[in-house]
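Novice: One structure, as structure tokens, below. Some questions next.
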Ligand SMILES: *[C@@H]1O[C@H](CO)[C@@H](O)[C@H](O)[C@H]1NC(C)=O
Ligand SMILES: *[C@@H]1O[C@H](CO)[C@@H](O)[C@H](O)[C@H]1NC(C)=O
């Protein structure tokens with residue numbers, strides 16, 4: 001699909017160059033980007049921290065849903081929505097966004113759910129001054145972008161329930177940075193370029209039930225400092241050089257069903273038998 005699009009673009013460029021007899025610079029064909037977003041605005045901003053089960057009250061909130069095809073400028077305008085009265089913003093696109101280069105800054109204690117899926121995101125920032133925490137953002141999902149890092153201040157997202165960074169360009173993940181997200185339930189990091197996923201001190205994620213590290217480049221993994229008694233779904237397949245997980249025992253992760261002996265890792269079979 002991507003290469004077909006490339007051929008069409010190349011063909012159009014050649015056509016532009018060869019058919020224009022006047023020396024006029026060919027204007028690039030404007031590629032529209034598909035978008036689909038939902039947004040819940042809420043006028044009552046008196047409430048402070050998000051709690052499980054919160055729903056925006058219908059009397060003070062309204063929902064917007066739009067879809068279409070827009071230019072880069074229109075996509076950028078959509079992403080610059082007013083966060084001061086928004087609690088939910090879910091954006092997705094089905095276009096090839098290789099040439100869309102966007103950034104997004106999350107304001108403090110406004111959004112409860114933010115999802116920017118395939119939005120051409122290359123930078124994500126949080127505006128947290130001094131030692132402030134954010135106690136509202138419960139869902140931060142930014143799959144299918146080109147992010148290389150976690151934002152500065154991610155340590156202070158204390159209400160986080162879900163962090164989805166799948167299909168990005170992370171090379172390293174320090175689990176210590178989520179030590180304050182005590183209610184984290186899902187950590188989704190598949191399809192990155194992770195070579196390191198490390199904890200340098202005991203990290204207690206008592207509510208975590210899903211951890212996805214699959215389709216990365218991990219060669220070593222050490223679970224000694226992971227405290228995740230509720231972990232049930234653990235994906236680590238397609239890390240082709242991974243042979244063992246240090247510190248892993250069945251007793252420590254009683255709800256995880258085990259590992260596929262014939263899977264896409266390079267399991268040391270002696271180790272594997274000892275943990276199944
Ligand atoms: C966006 O463009 C695609 C084709 O590029 C078309 O199929 C689709 O209907 C368009 N969507 C809208 C909402 O205009
Ligand atoms: C496989 O694991 C066992 C026990 O954990 C270890 O003794 C052995 O050296 C490992 N084999 C290889 C090839 O690394």
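In our numbering, the protein residues as written are 1 to 276. No residue lacks a Cβ here, since even glycine has one placed at the ideal position from N, Cα and C.
1. Kindly examine ligand 2 and report whether one of its heavy atoms sits closer than 7 Å to the Cβ of residue 275.
2. Helix, strand or coil: which one does DSSP assign to residue 67?
3. Which residues in the same chain as residue 187 place their Cβ atom closer than 6 Å to its Cβ, once the five residues preceding and following it in sequence are excluded?
4. State yes or no: is the C-beta of residue 248 nearer than 7 Å to some heavy atom of ligand 2?
5. By a C-beta neighbour count over all protein chains shown, 10 Å radius and 16 as the cutoff for buried, is residue 241 buried or exposed?
6. Going by C-alpha to C-alpha distance, which of 72, 150, 251, 91 sits closest to residue 31?
7. What residues sit near ligand 2, counting only those whose C-beta is closer than 5 Å to one of its heavy atoms, in chain order?
8. Considering residue 72, what are the terminal residues of the alpha helix (DSSP H) in which it resides?
9. For a minimum of 3 consecutive residues, which ranges assigned as the beta strand (DSSP E) are wholly contained in the region 73-131?
10. Give me, in chain order, the residues of the same chain whose beta-carbon lies closer than 7 Å to that of residue 215; leave out the 5 immediate sequence neighbours on both sides.
11. Check whether the Cβ atoms of residue 129 and residue 157 lie closer than 8 Å to each other.
12. Is the separation between the beta-carbon of residue 42 and that of residue 97 shorter than 8 Å?
13. DSSP three-state call for residue 203: helix, strand or coil?
14. Roughly how far, in whole angstroms, is the beta-carbon of residue 111 from the beta-carbon of residue 89, given that I think they are within contact range, below 8 Å?
15. Please state the DSSP three-state secondary structure of residue 155.
16. Could you tell me whether the Cβ atoms of residue 126 and residue 160 are closer together than 8 Å?
17. Straight-line CA distance for residue 268 to residue 250?
18. Output needed for residue 199: all residues of its chain with C-beta closer than 7 Å, excluding positions within five of it in sequence on either side, in chain order.
19. From the DSSP output, read off the bridge partner residues of residue 40.
20. Rounded to whole angstroms, what is the Cα-Cα separation between residue 135 and residue 256?
21. What does DSSP give as the partner residues of residue 233 in its beta bridges?
22. What span of residues does the alpha helix (DSSP H) with residue 272 cover, start to end?
23. Starting from residue 172, follow the beta strand (DSSP E) in both directions and report where the run begins and ends.
24. Spatial neighbours of residue 203 within its chain, please: CB distance less than 8 Å, with the 5 preceding and 5 following residues excluded, ordered by chain position.
25. Indicate the three-state DSSP secondary structure (helix, strand or coil) for residue 255 in the structure shown.
26. Which residues in the same chain as residue 154 place their Cβ atom closer than 6 Å to its Cβ, once the five residues preceding and following it in sequence are excluded?
27. Residues in the same chain with beta-carbon distance under 7 Å from residue 181, minus the five sequence neighbours each way, listed in chain order, please.
28. Give me, in chain order, the residues of the same chain whose beta-carbon lies closer than 7 Å to that of residue 60; leave out the 5 immediate sequence neighbours on both sides.
29. On the CB-based measure, 16 or more other CB atoms within 10 Å of its CB, does residue 117 come out buried or exposed?
Specialist: Answer, in terms of the structure:
1. Here the question's residue 275 lines up with position 275 in the chain shown. Within 7 Å of the C-beta of residue 275 there is not a single heavy atom belonging to ligand 2.
2. Within the chain shown, numbered from 1, the residue matching residue 67 stands at position 67. Of the three classes helix, strand and coil, the one that applies to residue 67 here is strand, per DSSP.
3. Numbered from its first residue, the chain shown carries residue 187 at position 187. The beta carbon of residue 187 sits closer than 6 Å to the beta carbons of 163, 211 from its chain, once the five residues preceding and following it are set aside; these are given in chain order.
4. Here residue 248 refers to the residue found at position 248 when the chain shown is read from its first residue. Checking the Cβ of residue 248 against ligand 2 gives no.
5. One-based indexing of the chain shown puts residue 241 at position 241. Label assigned to residue 241: exposed.
6. The residue given as residue 31 occupies position 31 in the chain shown. Ranking 72, 150, 251, 91 by Cα distance to residue 31 puts 72 first.
7. Sorted by chain position, residues whose beta-carbon lies closer than 5 Å to a non-hydrogen atom of ligand 2 are 268, 270, 271.
8. Stepping through the chain shown from its first residue, residue 72 is reached at position 72. Here the alpha helix (DSSP H) through residue 72 covers 72-79.
9. Those beta strand (DSSP E) runs which fall completely within the region 73-131 and span 3+ residues are 86-92, 102-106, 113-117, 121-126.
10. Against the chain shown, residue 215 aligns to sequence position 215. In its chain, beyond the 5 residues on either side, 190, 191, 238 have a beta carbon closer than 7 Å to the beta carbon of residue 215.
11. Here residue 129 refers to the residue found at position 129 when the chain shown is read from its first residue. Here residue 157 refers to the residue found at position 157 when the chain shown is read from its first residue. No; because the gap between Cβ atoms is not below 8 Å, this pair is not in contact.
12. Here residue 42 refers to the residue found at position 42 when the chain shown is read from its first residue. Here residue 97 refers to the residue found at position 97 when the chain shown is read from its first residue. Taking 8 Å as the Cβ cut-off, residue 42 and residue 97 do not qualify as a contacting pair.
13. On the chain shown, position 203 is the one that residue 203 refers to. Here residue 203 sits in strand by DSSP.
14. Looking up residue 111 in the chain shown gives position 111. Looking up residue 89 in the chain shown gives position 89. Residue 111 to residue 89, Cβ: 6 Å. Contact.
15. The residue given as residue 155 occupies position 155 in the chain shown. In the three-state reduction of the DSSP assignment, residue 155 falls in the helix class.
16. For the purposes of this step, residue 126 is taken as the residue at position 126 of the chain shown. For the purposes of this step, residue 160 is taken as the residue at position 160 of the chain shown. Taking 8 Å as the Cβ cut-off, residue 126 and residue 160 do not qualify as a contacting pair.
17. The residue given as residue 268 occupies position 268 in the chain shown. The residue given as residue 250 occupies position 250 in the chain shown. Cα to Cα, the separation comes out at about 16 Å.
18. Residue 199 sits at position 199 when you count from the first residue of the chain shown. Counting only Cβ-Cβ distances below 7 Å, and skipping sequence neighbours, we find 175, 176, 225, 226.
19. For the purposes of this step, residue 40 is taken as residue 40 along the chain shown, with counting starting at 1. 63, 88, per the DSSP bridge assignment.
20. Counted from its first residue, the chain shown places residue 135 at position 135. Counted from its first residue, the chain shown places residue 256 at position 256. Approximately 30 Å, taken between the alpha carbons.
21. Residue numbering aside, residue 233 sits at position 233 when the chain shown is read from its first letter. In DSSP, residue 233 forms a bridge with 210.
22. Here residue 272 corresponds to residue number 272 of the chain shown, with the count starting at 1. Start and end: 269-275.
23. Reading the chain shown from its first residue, position 172 is the one you call residue 172. Membership of residue 172 in the beta strand (DSSP E) is indicated by the continuous run 172-174.
24. Counted from its first residue, the chain shown places residue 203 at position 203. Within its own chain, the residues whose Cβ lies closer than 8 Å to the Cβ of residue 203, once the five positions on either side in sequence are excluded, are 175, 176, 178, 179, 225, 226, 227, listed in chain order.
25. Within the chain shown, the letter at position 255 stands for residue 255. Of the three classes helix, strand and coil, the one that applies to residue 255 here is coil, per DSSP.
26. Here residue 154 refers to the residue found at position 154 of the chain shown. Spatial neighbours of residue 154 in its own chain (CB-CB distance under 6 Å, excluding positions within 5 residues in sequence) are listed in chain order as 177.
27. As a working note, residue 181 is residue 181 in the chain shown. Result list for residue 181: 157, 158, 160, in chain order.
28. In the chain shown, residue 60 corresponds to position 60, counting from 1. Residues 42, 43, 44 of the same chain have their beta carbon placed closer than 7 Å to that of residue 60, with the five preceding and five following residues left out of the count.
29. For the purposes of this step, residue 117 is taken as the residue at position 117 of the chain shown. Taking all protein chains shown into account, residue 117 has 16 or more neighbouring C-beta atoms within 10 Å of its C-beta and is therefore buried.
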